[in-house]
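Protein chains in written order, with the numbering used here: chain R, 1 to 409; chain P, 1001 to 1428.
Cβ coordinates follow ideal geometry from the N, Cα and C atoms, glycine included.
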């Protein structure tokens, strides 16, 4: 019986082709658009998170207690030998980067700016987050003698620096004496992490230690962890091993990124809810007319003994077919758009300055995740079911004989 | 005789045309009342969409306007006069060498309400425990009161005055970074304009908090006349900041100002000075419209579906009207008049409610506690989200919905007019 209802529903659907096509196009286009936007917006935030993790925080970062409140060398991690040894014993840590930083003033012969000098190991940073891929000009090196530096693109622009330019950095060393250091620029990097691009200068750890008169010290140790589900476990293990050190996950260090991700999720749910509530109204219009214009047909069917369930199934199936075809059209459209945007990207370089201001990349790449399509399926499914409630109510209330006699409706 | 006859014929023609139009409108009106379901749905959808669109654009434009206004009014100012090339290379090589001359020009300009010179440099501010590279700007404190929010943002201590020397006015975040309070001493080390070392010991006179996180973390101010003695920058300025009496037509005002300046100087308005922010707002606006366009597309289809369904339930009736002598153009006019009446009614109600909402929330902004703290890195300085009441924006928002409504009916009308009279009368 259900097979007959299904077959009748399918045939009815194509009896009024234009009407059905309108609904299918409506679902297809809106779904395609929603999926594209969802993937693109998610991709923007994911890119920000990845860049931040790769260039700075890792999945977990270690700081001396008090350092994040007061960025002073008094609050530094030392000695490092014990920490390094412990890190190598904890399973799941893929790579780590040790950094020593100090705020100060960077100056050329003509200009100066506030900046942060960071001592790093190029090898470790490459293992940590492939930092070499962020270098846009010059080379990923500290020169032959290890005396050169890498500088953020924003800071280089402000100071009109190019590869080979000489700068002087002035800051307080560990004994609170004002000290200055001079170096040439070997490379310029662009990470889309605003705080690095506009403030940071990287020198070798050895040079930094000499400059600050420190040894075996760090202000931050970033850790990379491959398995996402291991992060919390490793954080706990580290905290147990180092009770006097702050062990923080990337989302604790950058809560704004998580908030942005949450806002995007809410935005997507609200968009789906609004769009498909309205779309349900469109499907409802078609379904109601479809029922009303065949009310005599249905009355005759019911009068000759066809069970109500079969008529009901026919109407539900009609709506379901509309929903499924619309969903397939929309999912394919959305998938193609996402595939294009995730491989070729969306080039917004004409708005580069504006996007960089908020830490977005000028070329945006979309995410494609299975749950987008599941979420979309449920939205279409509920819209379809919602749309047939009223038409079925109308059908349930009819008195077949009166309708056949033309005394009702 | 002939002219009278022509006039009579013309009058008759005119009256029959008018009667025809009246009849078409009367039919359209009756159809609206008859098809209550479709009419109510169309009116509801169009009204809600109009209200939603006006309120949404009002809110997003309001937030953007607020963000730009804060950036402009807290410190930047509506326009600058600087040496050409200063904005690209803001070092000592591009200073205004004769600030007195610019001062005279600006004094004479009747369109300028307030202006003042500023001298900006970057120095190392050091305490016993901490050194931070920071912007130090020389300002004329009395004139700056009406050009920026520096004085009104005072948090602790006192604002600067024109006779101050060795007094520094610090951003709250910078004060935290340096671990200083009012009365603390700070050593300033920088370079004067002849690139010799310039250093002095300053006392914190006051601490300000504008809410612009980066600005509060990286800026300090001293009296310009004092800084000029340290930096050897007497009668020199990085730029002049200014307010016009009417800052709305800013492009026109800046262009007029430019014409009164020598070729080596440049008048730049906030759109040039904050070009990255303006661009960011532009991208934000584009993404907003992309998101909202999906919603409009669905509304468009729903209105089209309802119109289509409604028209197709009246195919036989329309066939009859054609048989009685109405042309396909008359049918088009009748159906178009239906949507025209519905759209006009709903959009007008939408405008009324939508603009009232926007106007109310412009005066009484929505408050989301904690939003300024959360988004401080993005230049949000207040928990208030005001809407922006702008008649032009409201008009084009409403017009968009109106055009959508009219466009949604075109396809169903074309489709129905393809029927031949007999075909339409026999349509099942």
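Compare the C-beta of residue 115 (chain R) against all C-beta atoms of chain P and say whether one is closer than 9 Å. Position 115 of the first chain holds residue 115 (chain R). Among the CB atoms of chain P, one or more fall inside 9 Å of the CB of residue 115 (chain R).
Please name the residue or residues paired with residue 1313 (chain P) in a DSSP beta bridge. Mapped onto the second chain, residue 1313 (chain P) falls at position 313. Note: residue 1313 (chain P) sits in no beta bridge, so no partner.
Strand pairing of residue 135 (chain R), partner residues [DSSP]: Position 135 of the first chain, counting from 1, holds the residue named residue 135 (chain R). Partner(s): R:189.
Return the first residue and the last residue of the beta strand (DSSP E) that residue 169 (chain R) is part of. Counted from its first residue, the first chain places residue 169 (chain R) at position 169. Counting along the chain, the beta strand (DSSP E) containing residue 169 (chain R) begins and ends at 166-172.
So that I know if they touch, is there some Cβ in chain P lying closer than 9 Å to that of residue 145 (chain R)? As a first step, residue 145 (chain R) is located in the first chain; it is residue number 145 there, counting from the start. Chain P contact via Cβ: absent.
Terminal residues of the alpha helix (DSSP H) in which residue 1058 (chain P) lies: Mapped onto the second chain, residue 1058 (chain P) falls at position 58. First-last of the alpha helix (DSSP H) with residue 1058 (chain P): 1036-1071.
Can you tell me the Cβ-Cβ gap for residue 309 (chain R) and residue 291 (chain R), rounded? I've got them flagged as a contact below 8 Å. Indexing the first chain from 1 puts residue 309 (chain R) at position 309. Indexing the first chain from 1 puts residue 291 (chain R) at position 291. Between residue 309 (chain R) and residue 291 (chain R) the beta-carbon gap is near 15 Å, outside 8 Å, which marks them as no contact.
Give the C-beta separation of residue 1260 (chain P) and residue 1105 (chain P) to the nearest angstrom, bearing in mind that I take them to be a contact with Cβ-Cβ under 8 Å. Taking the second chain and counting its residues from 1, the one referred to as residue 1260 (chain P) is at position 260. Taking the second chain and counting its residues from 1, the one referred to as residue 1105 (chain P) is at position 105. 6 Å between Cβ atoms; contact.
Is it buried or exposed for residue 41 (chain R), if we count other Cβ within 10 angstroms and need 16 for buried? The residue given as residue 41 (chain R) occupies position 41 in the first chain. Answer is buried; the Cβ neighbour count reaches 16.
Compare the C-beta of residue 1134 (chain P) with all C-beta atoms of chain R and state if any pair is closer than 9 Å. Counting from one through the second chain, the residue named residue 1134 (chain P) turns up at place 134. So yes, residue 1134 (chain P) belongs to the interface.
CA nearest to the CA of residue 1056 (chain P), picked from P:1358, P:1172, P:1392: If you number the second chain from 1, residue 1056 (chain P) lands on position 56. Ranking the options by Cα distance to residue 1056 (chain P), first place goes to P:1358.
Does the region 1382-1401 of chain P touch the region 1269-1287 of chain P, meaning 3 or more C-beta pairs lie closer than 8 Å? Touching, no.
Using a Cβ-Cβ cut-off of 9 Å, state whether residue 1075 (chain P) counts as contacting chain R. Indexing the second chain from 1 puts residue 1075 (chain P) at position 75. Not closer than 9 Å to any Cβ of chain R, the Cβ of residue 1075 (chain P) fails to qualify, so no.
Does the region 1158-1173 of chain P come into contact with the region 1238-1251 of chain P, if we say contact requires no fewer than three beta-carbon pairs (one atom in each stretch) closer than 8 Å? Result no; under three Cβ-Cβ pairs closer than 8 Å.
Starting from the C-beta of residue 1130 (chain P), find all residues in its chain whose C-beta is less than 8 Å away, skip the five residues before and the five after it, and write them out in chain order. For the purposes of this step, residue 1130 (chain P) is taken as the residue at position 130 of the second chain. Same-chain partners within the cutoff: 1177, 1178, 1179.
Residues that residue 242 (chain R) contacts on chain P, provided the C-beta gap is smaller than 7 Å: The residue you call residue 242 (chain R) lines up with position 242 of the first chain. Within chain P, no residue comes near residue 242 (chain R); the closest Cβ sits about 25 Å away, beyond 7 Å.
Beta-carbon proximity list for residue 154 (chain R), same chain, < 7 Å, skipping 5 on both sides: Locating residue 154 (chain R) in the first chain gives position 154, counting from the first residue. Closer than 7 Å at the Cβ level, and outside the excluded window around residue 154 (chain R), lie 197, 198.
Give a yes or no on contact between the region 268-287 of chain R and the region 385-397 of chain R, applying the rule of three or more CB pairs nearer than 8 Å. Cβ pair count under 8 Å is three or more, so yes.
Can you tell me whether residue 1397 (chain P) is buried or exposed, with buried defined as 16 or more other CB within 10 angstroms of its CB? Taking the first residue of the second chain as position 1, residue 1397 (chain P) is located at position 397. By the 10 Å Cβ count, residue 1397 (chain P) comes out buried.
Does the Cβ-Cβ distance between residue 1310 (chain P) and residue 1079 (chain P) come in under 9 Å? The count along the second chain starts at 1 and reaches residue 1310 (chain P) at position 310. The count along the second chain starts at 1 and reaches residue 1079 (chain P) at position 79. Not closer than 9 Å, so no.
Looking at the structure shown, is residue 1200 (chain P) part of a helix, part of a strand, or coil, going by DSSP? Walking along the second chain from the start, residue 1200 (chain P) turns up at place 200. Residue state, collapsed to three classes: strand.
Supposed contact pair residue 1366 (chain P) and residue 1341 (chain P) - C-beta distance, whole angstroms, cut 8 Å: Looking up residue 1341 (chain P) in the second chain gives position 341. Looking up residue 1366 (chain P) in the second chain gives position 366. About 35 Å; that fails the 8 Å criterion.
Interface partners of residue 1305 (chain P) on chain R, CB under 8 Å: As a first step, residue 1305 (chain P) is located in the second chain; it is residue number 305 there, counting from the start. Those within 8 Å of residue 1305 (chain P) in chain R are 19, 22, 23, 26, 282, 285, 286.
Against chain P, which members of the region 149-180 of chain R pass a CB distance test of less than 7 Å? Listed in sequence order: 160, 170, 171, 172, 176, 178.
Return the first residue and the last residue of the alpha helix (DSSP H) that residue 1120 (chain P) is part of. Numbered from its first residue, the second chain carries residue 1120 (chain P) at position 120. No alpha helix (DSSP H) contains residue 1120 (chain P), which is instead part of the beta strand (DSSP E) from 1112-1126.
Give a yes or no on whether the minimum CB-CB distance between residue 1446 (chain P) and chain R is below 9 Å. In this structure chain P extends from 1001 to 1428, so residue 1446 (chain P) is not present and cannot be described.
Nearest-angstrom Cα separation, counted from residue 89 (chain R) out to residue 78 (chain R): Looking up residue 78 (chain R) in the first chain gives position 78. Looking up residue 89 (chain R) in the first chain gives position 89. C-alpha separation (whole angstroms): 18 Å.
Any chance you could list the beta strand (DSSP E) runs of at least 3 consecutive residues sitting entirely within the region 54-139 of chain R, in chain order? For the region 54-139 of chain R, the continuous beta strand (DSSP E) assignments of 3+ residues that do not extend past its boundaries occur at 60-64, 93-107, 112-120, 135-138, in sequence order.
Backbone secondary structure at residue 946 (chain P) - three-state DSSP: An answer regarding residue 946 (chain P) cannot be provided, because it is not within the stretch 1001 to 1428 covered by chain P.
Quick check on DSSP: helix, strand or coil for residue 142 (chain R)? The residue labelled residue 142 (chain R) in the question sits at position 142 within the first chain. DSSP, reduced to helix, strand and coil, places residue 142 (chain R) outside both helices and strands of the structure shown, so it counts as coil.
Assuming residue 1041 (chain P) and residue 1306 (chain P) make a contact with CB atoms under 8 Å, what is their CB distance in whole Å? Here residue 1041 (chain P) corresponds to residue number 41 of the second chain, with the count starting at 1. Here residue 1306 (chain P) corresponds to residue number 306 of the second chain, with the count starting at 1. Right, their Cβ atoms sit about 5 Å apart.
Burial state of residue 1228 (chain P), where buried means 16 or more other Cβ atoms lie within 10 Å: For the purposes of this step, residue 1228 (chain P) is identified with residue 228 of the second chain, where counting begins at 1. Residue 1228 (chain P) is buried by the Cβ-count criterion.
What did DSSP end up calling residue 271 (chain R) once you bin it into helix, strand or coil? Walking along the first chain from the start, residue 271 (chain R) turns up at place 271. Correct three-state label for residue 271 (chain R): helix.
Compute the distance between the beta-carbons of residue 55 (chain R) and residue 142 (chain R), then report whether it is under 9 Å. For the purposes of this step, residue 55 (chain R) is identified with residue 55 of the first chain, where counting begins at 1. For the purposes of this step, residue 142 (chain R) is identified with residue 142 of the first chain, where counting begins at 1. With contacts defined as CB atoms closer than 9 Å, residue 55 (chain R) and residue 142 (chain R) fail to qualify as a contacting pair.
Against chain P, which members of the region 87-111 of chain R pass a CB distance test of less than 9 Å? Among the residues of the region 87-111 of chain R, those with a Cβ less than 9 Å away from any Cβ of chain P are 102, 103, 104, 105, 106, 107, 108, 109, 110, 111, in the order of the chain.
Within the same chain, show all residues whose beta-carbon is closer than 7 Å to that of residue 94 (chain R), passing over the 5 residues directly before and after it, in chain order. In the first chain, residue 94 (chain R) corresponds to position 94, counting from 1. Excluding sequence neighbours, residue 94 (chain R) sits near 224, 225, 226.
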